[in-house]
Amino acid sequence: MTTPAAPAVLDRTGLNALVEALVASGRTVIGPTVRDAAIVLAELGSAEELPYGWGVELEAGHYRLRRRNDEAAFAHSAGPQSWKNFLHPQREKLWSADRSADGQLTVQAESAAAPSYAFLGVRPCDLRAIAIQDRVLTGGHFKDSGYQERRKGAFLIAAECTEPGATCFCVSMGSGPGADAGFDLALTEVVDQAGHRFFVRVGTEEGAELLAEVPHRAADSTTRESARTAVADAADRMGRSMPPVSLQRLMGASLEADRWDDVAARCLTCGNCTMVCPTCFCTTTEEVTDLTGDHAERWQRWDSCFDLDFSHIHGGPVRKSPHSRYRQWLTHKLGTWHDQFDSSGCVGCGRCIVWCPVGIDITEEVSALQEEAER
Amino acid sequence: MTALPVPHRVVDRHRETHDTVTLRLKPVGEALSAFAPGQFAMMYAFGRGEVPISVSGIPRDGDLVHTVRGVGAVSAGLYDAQVGDVLALRGPYGTGWELSAATGHDLLVVAGGIGLAPLRPLIHDAVLDAEAYGRLNVLIGARGPAELICRAETGRWPTAYTGVTVDRPGDGWTGQIGVVTRLLGLARFEPTATTAFVCGPEPMIRATARDLLHRGLPADRIKVSLERNMRCATGHCGHCQLGPLLLCRDGPVVGWDIAEPLLYVREL
Ligand SMILES: Cc1cc2nc3c(=O)[nH]c(=O)nc-3n(C[C@H](O)[C@H](O)[C@H](O)COP(=O)(O)OP(=O)(O)OC[C@H]3O[C@@H](n4cnc5c(N)ncnc54)[C@H](O)[C@@H]3O)c2cc1C
Ligand code: SF4
Ligand code: SF4
Numbered sequence: 001m002t003t004p005a006a007p008a009v010l011d012r013t014g015l016n017a018l019v020e021a022l023v024a025s026g027r028t029v030i031g032p033t034v035r036d037a038a039i040v041l042a043e044l045g046s047a048e049e050l051p052y053g054w055g056v057e058l059e060a061g062h063y064r065l066r067r068r069n070d071e072a073a074f075a076h077s078a079g080p081q082s083w084k085n086f087l088h089p090q091r092e093k094l095w096s097a098d099r100s101a102d103g104q105l106t107v108q109a110e111s112a113a114a115p116s117y118a119f120l121g122v123r124p125c126d127l128r129a130i131a132i133q134d135r136v137l138t139g140g141h142f143k144d145s146g147y148q149e150r151r152k153g154a155f156l157i158a159a160e161c162t163e164p165g166a167t168c169f170c171v172s173m174g175s176g177p178g179a180d181a182g183f184d185l186a187l188t189e190v191v192d193q194a195g196h197r198f199f200v201r202v203g204t205e206e207g208a209e210l211l212a213e214v215p216h217r218a219a220d221s222t223t224r225e226s227a228r229t230a231v232a233d234a235a236d237r238m239g240r241s242m243p244p245v246s247l248q249r250l251m252g253a254s255l256e257a258d259r260w261d262d263v264a265a266r267c268l269t270c271g272n273c274t275m276v277c278p279t280c281f282c283t284t285t286e287e288v289t290d291l292t293g294d295h296a297e298r299w300q301r302w303d304s305c306f307d308l309d310f311s312h313i314h315g316g317p318v319r320k321s322p323h324s325r326y327r328q329w330l331t332h333k334l335g336t337w338h339d340q341f342d343s344s345g346c347v348g349c350g351r352c353i354v355w356c357p358v359g360i361d362i363t364e365e366v367s368a369l370q371e372e373a374e375r
Numbered sequence: 001m002t003a004l005p006v007p008h009r010v011v012d013r014h015r016e017t018h019d020t021v022t023l024r025l026k027p028v029g030e031a032l033s034a035f036a037p038g039q040f041a042m043m044y045a046f047g048r049g050e051v052p053i054s055v056s057g058i059p060r061d062g063d064l065v066h067t068v069r070g071v072g073a074v075s076a077g078l079y080d081a082q083v084g085d086v087l088a089l090r091g092p093y094g095t096g097w098e099l100s101a102a103t104g105h106d107l108l109v110v111a112g113g114i115g116l117a118p119l120r121p122l123i124h125d126a127v128l129d130a131e132a133y134g135r136l137n138v139l140i141g142a143r144g145p146a147e148l149i150c151r152a153e154t155g156r157w158p159t160a161y162t163g164v165t166v167d168r169p170g171d172g173w174t175g176q177i178g179v180v181t182r183l184l185g186l187a188r189f190e191p192t193a194t195t196a197f198v199c200g201p202e203p204m205i206r207a208t209a210r211d212l213l214h215r216g217l218p219a220d221r222i223k224v225s226l227e228r229n230m231r232c233a234t235g236h237c238g239h240c241q242l243g244p245l246l247l248c249r250d251g252p253v254v255g256w257d258i259a260e261p262l263l264y265v266r267e268l
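Line by line, the protein sequences give chains E and R. Heads up, the first sequence is in UniProt numbering, so the first residue is 1 and it goes up one at a time. Heads up, the second sequence is in UniProt numbering, so the first residue is 1 and it goes up one at a time.
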């Protein structure tokens with residue numbers, strides 16, 4: 001390992017050049033952009049497509065774009081998607097099987113080459129979410145080879161958080177607003193009297209090489225200080241927080257809590273929270289056959305523990321009641337995830353709060369469980 | 001998902017009951033690595049899908065034996081497989097019974113219905129290595145005589161005690177009647193030096209474990225095999241969770257000390 005390159009400063013032109021260089025090297029660059037009244041993650045042809053000047057207004061069950069009075073590109077918190085949409089896609093072909101006239105069976109792995117991704121603007125909470133999915137899908141005895149392939153080639157450009165939303169609580173989950181590892185490059189957006197620019201830290205050799213290719217200047221102390229202050233201020237402006245207790249222990253002790261009935265009376269078991277959550281990884285499989293009946297394909301798609309079929313075994317589902325399904329979601333996320341994968345399954349991004357059609361708030365549910373436990 | 005299912009040809013098909021068959025499968029090309037009793041394979045019926053099925057026989061020649069009850073689309077597809085047909089399997093997955101950890105103990109094998117299938121290779125190992133263990137007891141329960149599997153074999157196992165009981169006897173049944181736990185009083189074992197291996201429907205597992213605890217078996221000496229929905233068997237799909245466990249990885253065989261607190265939470 002060589003010592004990482006010194007921090008640098010990029011301006012908007014530099015950021016454009018960075019994206020151009022990534023595109024030129026054959027990468028599919030994914031980043032935030034405004035589409036259909038939301039900031040979505042999509043393929044970017046140029047850094048000019050970033051949501052310059054847009055912010056978001058977030059509340060439980062509520063998401064709205066709003067104009068900012070500056071031109072910041074990364075001053076918005078999590079949108080409806082996360083990077084799992086690309087690394088662990090909604091649908092994925094696993095293998096296909098062909099049956100010949102004499103009854104022989106040939107099984108073939110899906111061989112489509114994974115795109116070489118560059119992710120621009122990965123929030124620290126989402127960096128943590130990627131690390132959590134890495135652990136789930138590639139950290140055990142068996143590896144999810146498709147995920148592994150896509151992940152291995154992905155170039156990550158983090159954007160530290162300077163504008164948390166009203167539904168954010170990464171500080172209490174220990175996953176933000178600053179990024180300290182897991183990136184190739186980390187940007188901190190600075191908008192002050194000295195102008196609009198990005199403080200850049202280098203995480204890997206590959207990051208250093210890319211930075212060297214684009215116009216940049218050495219970091220000055222004012223930019224460094226402004227960047228640090230912006231992130232520190234963000235930590236003080238979290239809209240929400242989790243109770244400062246061992247959530248794993250609280251979940252373990254709450255299996256018979258009354259609160260589950262209360263939340264089950266509101267929950268529609270629509271599964272939105274699991275779809276938007278950047279760590280939720282559950283999938284099911286489908287068998288698809290063509291008209292000849294001699295070609296079959298095995299597909300994997302996202303599944304949700306809120307779906308009644310999720311726990312189906314011969315004789316019926318194990319988790320029939322909404323009560324048991326909400327409990328499964330929450331106790332897995334905050335409790336048994338530790339037993340299974342040595343970490344929490346929540347990074348405090350707030351997506352599940354925003355995209356719940358009835359505004360169920362994970363932090364509020366946990367607080368209620370804690371109050372009940374103390375009674 | 002990593003492993004691809006590996007083609008196996010059905011070389012023998014034995015009909016156990018009206019809905020259950022035992023298939024002997026020979027690898028068409030490469031073989032899977034060796035299975036241990038208690039482990040399972042994901043069995044693929046072409047065009048239907050994959051389901052978890054325990055190994056019910058481990059012949060020395062690398063063939064695999066599986067006993068399948070046709071209850072739904074995929075398992076019915078497996079049930080329908082005829083000699084010469086090709087299925088595909090991946091595995092082995094999950095924890096085994098770990099018979100060797102019971103060295104010197106009396107063995108108590110308790111099976112409900114098709115639950116005997118995953119226990120069958122364990123019984124074979126116990127018989128082959130009889131000196132290593134104390135008394136072998138095999139207790140089998142089924143709903144009716146027509147639901148009993150491995151019938152030709154059961155009487156031939158050299159055990160200290162073999163009991164077979166049915167809930168609903170039909171005409172001509174002269175054996176035991178009632179739930180399988182009623183046989184526990186007839187089995188020959190010293191509770192403080194016994195290991196039990198239990199597989200069957202969940203209510204039967206609970207009743208058996210409760211009775212055994214009562215008779216003085218420590219909970220961790222009661223091994224049970226549990227069933228949950230499984231899509232991948234590689235610990236990635238999330239379906240087989242039972243509290244902190246991923247049953248494809250941490251099970252299906254677990255000690256009652258671990259299983260009991262989980263099974264007593266409704267709908268966990
Ligand atoms: C570790 C383990 C070992 C087992 N060993 C054996 C064995 O040795 N022999 C044996 O006969 N059985 C065994 N089983 C049980 C066997 O796997 C099930 O009987 C089998 O999965 C039934 O599948 P099916 O599709 O045929 O039946 P169904 O009853 O139709 O469906 C059960 C399965 O189909 C899926 N399913 C059904 N309906 C839906 C739906 N609407 N949406 C989504 N999914 C659906 C579920 O995933 C479920 O797993 C074992 C199970 C486990 C977990
Ligand atoms: S549980 Fe909610 S707040 Fe936590 S990571 Fe998932 S979506 Fe974000
Ligand atoms: S908590 Fe909200 S988003 Fe999640 S399943 Fe219930 S209603 Fe849907």
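The C-beta atom is built at its ideal place from N, Cα and C for all residues, glycine as well. This structure is a prediction, so every number in the text was calculated from the model and none was measured.
Along the stretch 81–114 of chain E, where does the CB come closer than 7 Å to a CB of chain R? Name the residues. Leu94, Trp95, Ala97, Arg99, Gly103, Gln104, Leu105, Val107, Ala109
Ordered along the chain, which non-local residues of its own chain (more than five positions away) have a Cβ less than 8 Å from that of Arg135 of chain E? Phe341, Asp342, Ser343
Please confirm if the stretch 50–64 of chain R is in contact with the stretch 29–39 of chain R, defined as three or more CB-CB distances below 8 Å between the two stretches. yes
Between which two residues does the alpha helix (DSSP H) harbouring Ser172 of chain E extend? 170–173
Pick helix, strand or coil for Arg221 of chain R, following the three-state DSSP scheme. helix
Run through DSSP, which three-state label would Ile140 of chain R get? strand
Interface flag, His18 of chain R vs chain E, CB-CB below 7 Å: no
Between the stretch 125–140 of chain R and the stretch 154–163 of chain R, do three or more beta carbon pairs fall short of 8 Å? yes
Counting C-beta neighbours from all protein chains within 10 Å, is the total for residue 270 of chain R 16 or more, i.e. buried, or is it exposed? Absent from the structure is residue 270 of chain R, since the part of chain R shown begins at 1 and ends at 268.
Could you work out which residue in E:Gly45, E:Ser304, E:Ile353 is closest to Ala20 of chain E when comparing CA atoms only? Strictly speaking, residue 20 of chain E in this sequence is Glu, with Ala absent from that position. That would be E:Gly45, whose Cα lies nearest to the Cα of Glu20 of chain E.
Buried or exposed: where does Tyr133 of chain R fall if 16 or more other Cβ atoms within 10 Å of its Cβ makes it buried? buried
Any idea what DSSP makes of Thr2 of chain E, helix, strand or coil? Low confidence applies here, because Thr2 of chain E scores a pLDDT of 48, under 50, leaving its location unreliable and the question unanswered by this model.
Taking 7 Å as the CB-CB cut-off, is Pro158 of chain R touching chain E? no
What three-state label does DSSP hand Leu268 of chain R in the structure shown? coil
If you draw a straight line from the C-alpha of Lys152 of chain E to the C-alpha of Phe142 of chain E, how long is it? 16 Å
What's the call for Arg168 of chain R, buried or exposed, on a 16-neighbour Cβ count within 10 Å? exposed
Endpoints, the beta strand (DSSP E) within which His8 of chain R is located: 6–17
What three-state label does DSSP hand His214 of chain R in the structure shown? helix
Give me the Cα-Cα distance between Gln148 of chain E and Thr138 of chain E, rounded to the nearest whole angstrom. 7 Å
Contact set, ligand 3 heavy atom to C-beta under 6 Å: E:Cys267, E:Leu268, E:Thr269, E:Cys270, E:Gly271, E:Asn272, E:Cys273, E:Phe306, E:Cys356, E:Pro357, E:Val358, E:Ile360
Less than 7 Å between the C-beta atoms of Leu369 of chain E and Ser254 of chain E, yes or no? yes
What residues from chain E crowd round Phe46 of chain R, counting only those whose CB sits closer than 7 Å? Ala97, Arg99, Leu105, Ala296
If you draw a straight line from the alpha carbon of Thr33 of chain E to that of Thr167 of chain E, how long is it in whole angstroms? 20 Å
Is the CB of His314 of chain E under 7 Å away from at least one CB in chain B? Among the protein chains of the structure shown, namely E and R, there is no chain B.
Tell me which residue opens and which closes the beta strand (DSSP E) that Ala38 of chain E is part of. 38–43
Any heavy atom of ligand 2 within a distance shorter than 6 Å of the CB on Lys84 of chain E? no
For Ala209 of chain R, count the other beta carbons within 10 Å of its own beta carbon; 16 or more makes it buried, fewer makes it exposed. Which is it? buried
If I'm right that Asn137 of chain R touches Leu107 of chain R with Cβ under 8 Å, what's the distance once you round it to whole angstroms? 7 Å
Enclosing beta strand (DSSP E) for Cys199 of chain R [first to last residue]: 194–199
Please list the partners that Ala88 of chain R has in chain E, where partner means a Cβ-to-Cβ separation under 9 Å. Ala97, Leu105, Val107
Can you tell me which of E:Trp95, E:Pro177, E:Gly195 puts its alpha carbon nearest to the alpha carbon of Gly49 of chain R? E:Trp95
At a cut-off of 6 Å, would you count Gly115 of chain R as near ligand 5, judging by its Cβ distance to the nearest heavy atom? With respect to ligand 5, the structure offers nothing, as its ligand set consists of ligand 1, ligand 2 and ligand 3.
Of all the options R:Met230, R:Cys248, R:Leu212, R:Gly200, which has the alpha carbon lying nearest to the alpha carbon of Asp257 of chain R? R:Leu212
Note down, in chain order, each residue of its chain lying with its Cβ closer than 6 Å to the Cβ of Glu163 of chain E, except the 5 sequence neighbours on either side. Ala75
Closest to Ser324 of chain E by CA distance: which of E:Gly53, E:Asp262, E:Ser175 is it? E:Asp262
Under 8 Å by Cβ, that's how I've got Gly70 of chain R and Asp12 of chain R pegged, so tell me the actual separation to the nearest angstrom. With 8 Å as the limit, Gly70 of chain R and Asp12 of chain R do not qualify as a contact, their Cβ atoms being about 17 Å apart.
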